[in-house]
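In the working numbering, the protein residues as written are -14 to 209.
We treat Cβ as the ideally placed atom computed from N, Cα and C, and that holds for glycine.
Keep in mind it's a predicted model, so treat the numbers as computed, not measured.
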């Protein structure tokens, strides 16, 4: 089978997930597609996956300030990418308190209770995936990927992603999804072929995280 991709022809299809890894890249640009399979077929929230390149030739990017809203008992956006050194602000748009916290990952923090129209911030000095929750609302969850590479992105709703200006060399491509887990594959620039990274979420089972004190939310009773 021949695959037509952008301005060139792809003659190889690589699927990661039970198949040995291979390589893909085009000149100093790189593209591919992520698929997340759940019990109902292809997952609709593939755009909440995270894709990034790790490698010695990747240079860092400037830190910045971004916002993750607390709104309608949810974090918006649910998945965010920031460079190392960036500050993430959490404005409260709800008419009740939130308590944003994280107990693992690149930074452990507890922002305490804060009400409507108030904002709390946290600065991430180290790379990693931060899993962020609210100590008041058990179902609130957000994920912030902190990276020191410019080659980090989220795919579009069709699962497609691309990186431009990638220097020639060898890298590790990492793909993560909340239910599909994480896959890694070595890639080289330049090379040929279409890259499809498949994550299997069919056996995913929701497990409620604990509150900031390591206790069950249910045991505390519901506040609002």
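Give me whichever residues DSSP pairs with residue i in a beta bridge.
i, result
"residue 195", "According to DSSP, which records beta bridges pairwise, residue 195 is partnered with nothing at all."
"residue 270", "For residue 270 there is no data in the structure shown, the boundaries of the chain being -14 and 209."
"residue 104", "76"
"residue 18", "145 and 181"
"residue 83", "99"
"residue 162", "166"
"residue 157", "39 and 171"
"residue 23", "26"
"residue 113", "131"
Please classify residue i: is it buried, with 16 or more other beta-carbons within 10 angstroms of its beta-carbon, or exposed?
i, result
"residue 198", "exposed"
"residue 134", "buried"
"residue 149", "exposed"
"residue 65", "buried"
"residue 210", "Here the chain has residues from -14 to 209 only, and residue 210 is not among them."
"residue 191", "exposed"
"residue 83", "buried"
"residue 140", "buried"
"residue 11", "Any reading at residue 11 is ruled out, since the residue's pLDDT is 43, under 50, leaving its predicted position unreliable."
"residue 96", "buried"
"residue 203", "exposed"
"residue 47", "exposed"
"residue 87", "buried"
Pick from the options: whose alpha carbon is nearest that of residue i?
i, options, result
"residue 180", "18, 47 and 65", "18"
"residue 51", "119, 105, 142 and 89", "105"
"residue 93", "80, 101, 99 and 111", "111"
"residue 109", "172, 117 and 102", "117"
"residue 56", "126, 90, 154 and 87", "126"
"residue 136", "31, 23 and 69", "69"
"residue 98", "187, 120, 29 and 184", "120"
"residue 189", "15, 13, 21 and 14", "21"
"residue 183", "166, 196 and 194", "166"
"residue 186", "14, 15, 24 and 16", "24"
"residue 32", "123, 81, 26 and 138", "138"
"residue 193", "122, 78, 157 and 16", "122"
"residue 80", "88, 174, 154 and 102", "102"
"residue 78", "124, 153, 54 and 169", "54"
"residue 156", "48, 26, 146 and 170", "170"
"residue 90", "114, 73, 67 and 74", "114"
"residue 143", "30, 13 and 15", "30"
Give a yes or no on contact between the segment 121 to 138 and the segment 29 to 42, applying the rule of three or more CB pairs nearer than 8 Å.
-> yes
Are three or more beta carbon pairs between the segment 55 to 62 and the segment 158 to 166 nearer than 8 Å?
-> no
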